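Participant: Got a structure for you, written out below as structure tokens; questions coming shortly.
Protein chains: 2
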Amino acid sequence: MSEGNRPLARERVIESLEQSAEVYGLSRSAGRIYGVLYFATDPLSIPELVEETGYAKSTVSNVTRTLTRIGLIHRRSSEGGGRRVRFSAEQEIWFILQDVFQQYIQREIQTTLRTIKRAEAQLSEPESHEGERIRELRATYEDLEEITRLATDLSAAELRAALEAYER
Amino acid sequence: MSEGNRPLARERVIESLEQSAEVYGLSRSAGRIYGVLYFATDPLSIPELVEETGYAKSTVSNVTRTLTRIGLIHRRSSEGGGRRVRFSAEQEIWFILQDVFQQYIQREIQTTLRTIKRAEAQLSEPESHEGERIRELRATYEDLEEITRLATDLSAAELRAALEAYER
DNA sequence: CTGTTTGTTCGGTCCAGTCCGAACAAACGA
DNA sequence: TCGTTTGTTCGGACTGGACCGAACAAACAG
Chain A
1 MSEGNRPLAR ERVIESLEQS AEVYGLSRSA GRIYGVLYFA TDPLSIPELV EETGYAKSTV
61 SNVTRTLTRI GLIHRRSSEG GGRRVRFSAE QEIWFILQDV FQQYIQREIQ TTLRTIKRAE
121 AQLSEPESHE GERIRELRAT YEDLEEITRL ATDLSAAELR AALEAYER
Chain B
1 MSEGNRPLAR ERVIESLEQS AEVYGLSRSA GRIYGVLYFA TDPLSIPELV EETGYAKSTV
61 SNVTRTLTRI GLIHRRSSEG GGRRVRFSAE QEIWFILQDV FQQYIQREIQ TTLRTIKRAE
121 AQLSEPESHE GERIRELRAT YEDLEEITRL ATDLSAAELR AALEAYER
């Protein structure tokens, strides 16, 4: 446990990342492991992450797999070197948020929209109250789909610029 | 349990809302209760929601309180009538998403940014590797704060227009 | 005042997710 | 070849959240 001599500021930020992880549906351990990698100067192996975080080897193994799948960290398979796999953090937070956004929100919107359209098609009585509600839902979700489609193509700076340009 | 004679399309959409609720960090019961209220022609009381959803009275009570606090449904305290409180669904999905967005994402970004700034101030060695990482984090989060601040003022149509205007 | 209807609160159960340790597999160095 | 290091997988303990039923509080009808 080498947390004692670590800079306090870094520890505070890592704790904050732990909390953020929970908000985005990940575990606290995922937030800490990402944080340690974010501050690391070099890629770290699983035993090194065990040393740094205090988590069990199995936990680190599972969490790194999840984070790699999502794209939050990168798995560097260094064939030649002594240690076999090493992980580094994706530094561009914006990329991460875009990925999360696409994988959770956009996907969710699309599947919901598909369900709504299917339900609308099999309405026994299209002019009923249910029909009206479903049509309104569809209109909203079509807007949402378009918004997310456009937003995922932009960088943070572009998105900010687009909004600022519209405001005035 | 009067689900048997309900239109199938409506049931499909409600199931979809149950799933959406989970994505946004709410319980499945919250999704169903909102869905029933969304399709209801008139506001419903707690016993009626119990009848429609099959959930226990206590569950309906707790969930309606949560949904009311978030703004997903509205509590109509009808003093004069026989039944005391009645709930109706907020029909504008965009309002709901904005609320969720503000309460979860924006708040999360702001607290994180505050933590980062505090950590940056108490850096013992500002020119270190940690200092550089923390400064980059701060820059990203300031962008994010600005984006969310601008986005929460816009309607769905405006947001879509802003993005479409920027694209071409 | 008493019984009934509505809503809240409280304790408890159940389940899913997190994390751990141990067993196992694979690759390397001696 | 054999021991050591690294990583994965498996079963289980623990925890938090969702949901339930029962007890309780409040308002109304008779």
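So the protein lines, in turn, are chains A and B.
Letter by letter, the first sequence follows residues 1 to 168 in the UniProt record's numbering.
Letter by letter, the second sequence follows residues 1 to 168 in the UniProt record's numbering.
We put the CB at the ideal spot given by N, CA and C, even for glycine.
Model, not experiment: these values are computed from the prediction.
Can you give me the C-alpha to C-alpha distance between G71(A) and V13(A), rounded to a whole angstrom?
Facilitator: In a straight line, the C-alpha of G71(A) is about 21 Å away from that of V13(A).
Participant: Return the chain-ordered ranges of every beta strand (DSSP E) run that is complete within the UniProt domain "HTH marR-type" (19-128) of chain A and spans a minimum of 3 residues.
Facilitator: Entirely contained in the UniProt domain "HTH marR-type" (19-128) of chain A, the beta strand (DSSP E) runs reaching 3 residues are, in chain order, 73-77 and 85-89.
Participant: If you reduce the DSSP assignment to three classes, tell me which class S155(A) lands in.
Facilitator: If DSSP states are grouped into helix, strand and coil, S155(A) belongs with coil.
Participant: Look up R168(A) in the DSSP assignment and say whether it is helix, strand or coil.
Facilitator: Coil.
Participant: When the distance is taken between beta carbons, is Y38(A) closer than 9 Å to L162(B)?
Facilitator: Before going further, note that residue 162(B) is Ala rather than Leu in the sequence given. Going by C-beta atoms, A162(B) is not nearer than 9 Å to Y38(A).
Participant: In angstroms with no decimal places, state the Cα-to-Cα distance between T111(A) and Y104(B).
Facilitator: Rounded to whole angstroms, T111(A) to Y104(B) spans 23 Å at the Cα level.
Participant: Short of 7 Å Cβ to Cβ, which residues in the segment 16-49 of chain A face chain B?
Facilitator: Within the segment 16-49 of chain A, the residues whose Cβ lies closer than 7 Å to some Cβ of chain B are S16, S20, V23, Y38, F39 and T41, listed in chain order.
Participant: Let me make sure I understand the geometry here. Which of E15(B), E158(B) and Y24(B) has the alpha-carbon closest to that of I96(B)?
Facilitator: Among E15(B), E158(B) and Y24(B), the Cα nearest to that of I96(B) is on Y24(B).
Participant: For I147(B), which of Y141(A), E146(A) and S155(A) has the nearest alpha-carbon?
Facilitator: I147(B) has its Cα closest to that of S155(A), out of Y141(A), E146(A) and S155(A).
Participant: Excluding sequence positions up to five away, which residues of its chain have a Cβ less than 8 Å from the Cβ of E142(B)?
Facilitator: L113.
Participant: Identify each residue in the segment 121-134 of chain B for which the Cβ-Cβ distance to at least one residue of chain A is less than 7 Å, and report them in chain order.
Facilitator: So the close ones are Q122, L123, S124, H129, E130, R133 and I134.
Participant: Residues in the same chain with beta-carbon distance under 8 Å from Q98(B), minus the five sequence neighbours each way, listed in chain order, please.
Facilitator: These residues qualify, in order along the chain: T152.
Participant: Against chain A, with Cβ distances strictly below 9 Å, would T66(B) count as a contact?
Facilitator: So no, T66(B) is outside the interface.
Participant: Going along chain A in order, which residues have a C-beta closer than 8 Å to the C-beta of I116(B)?
Facilitator: Correct list: V13 and S16.
Participant: Could you give the distance in angstroms between the alpha-carbon of E130(B) and the alpha-carbon of T115(B)?
Facilitator: Looking at the two C-alpha atoms, the distance is approximately 15 Å.
Participant: From this set, L44(B), E125(B) and T53(B), which residue's C-alpha is nearest E18(B)'s C-alpha?
Facilitator: Selected option, being the one with the closest Cα: T53(B).
Participant: Which residues in the same chain as Y34(B) place their Cβ atom closer than 8 Å to its Cβ, once the five residues preceding and following it in sequence are excluded?
Facilitator: Closer than 8 Å at Cβ, skipping near neighbours: L17, A21, L67, L72, I73 and A89.
Participant: Are T64(A) and I46(A) closer than 9 Å when you measure CB to CB?
Facilitator: Yes, the pair counts as a contact, with Cβ atoms nearer than the cut-off.
Participant: Enumerate in chain order the residues of its own chain whose CB-to-CB distance from K57(A) is below 6 Å, with the five nearest sequence positions on each side excluded.
Facilitator: Around K57(A): V50.
Participant: With distances taken between CB atoms, is the gap from I134(A) to R10(B) smaller than 9 Å?
Facilitator: A contact, by the Cβ cut-off of 9 Å.
Participant: Does D99(A) get closer than 9 Å to chain B when you measure Cβ to Cβ?
Facilitator: D99(A) does not count as touching chain B.
Participant: Excluding the 5 residues flanking T59(B) on each side, which residues of the same chain have their C-beta closer than 8 Å to its C-beta?
Facilitator: S29, listed in sequence order.
Participant: Taking Cβ positions, are R86(B) and R69(B) nearer each other than 9 Å?
Facilitator: Going by C-beta atoms, R86(B) is not nearer than 9 Å to R69(B).
Participant: Hey, would you say A121(A) sits closer than 9 Å to L8(B), going by beta carbons?
Facilitator: Not closer than 9 Å, so no.
Participant: Quick one, which of Y55(B), F101(B) and L150(B) has its alpha-carbon nearest R32(B)'s?
Facilitator: Per the Cα distances, Y55(B).
Participant: Looking only at its own chain, which residues have a Cβ that is under 6 Å from the Cβ of L123(A), when we skip the five neighbours before and after it?
Facilitator: Result list for L123(A): G131, in chain order.
Participant: Just checking my contact of E164(A) with L150(B) at CB under 8 Å: how many whole Å lie between their CB atoms?
Facilitator: At roughly 7 Å, the Cβ-Cβ gap stays under 8 Å, so E164(A) and L150(B) are in contact.
Participant: Report back the beta-carbon spacing between R138(B) and K117(B) to the nearest angstrom; my notes put them in contact at under 8 Å.
Facilitator: Indeed, because the Cβ distance is near 7 Å, the residues count as touching under 8 Å.
Participant: Let me confirm a value: Q106(A) is counted as buried when at least 16 other C-beta atoms fall within 10 Å, else exposed. Which label applies?
Facilitator: Buried is the call here.
Participant: Can you tell me which of the three DSSP states P7(A) falls into?
Facilitator: Correct three-state label for P7(A): coil.
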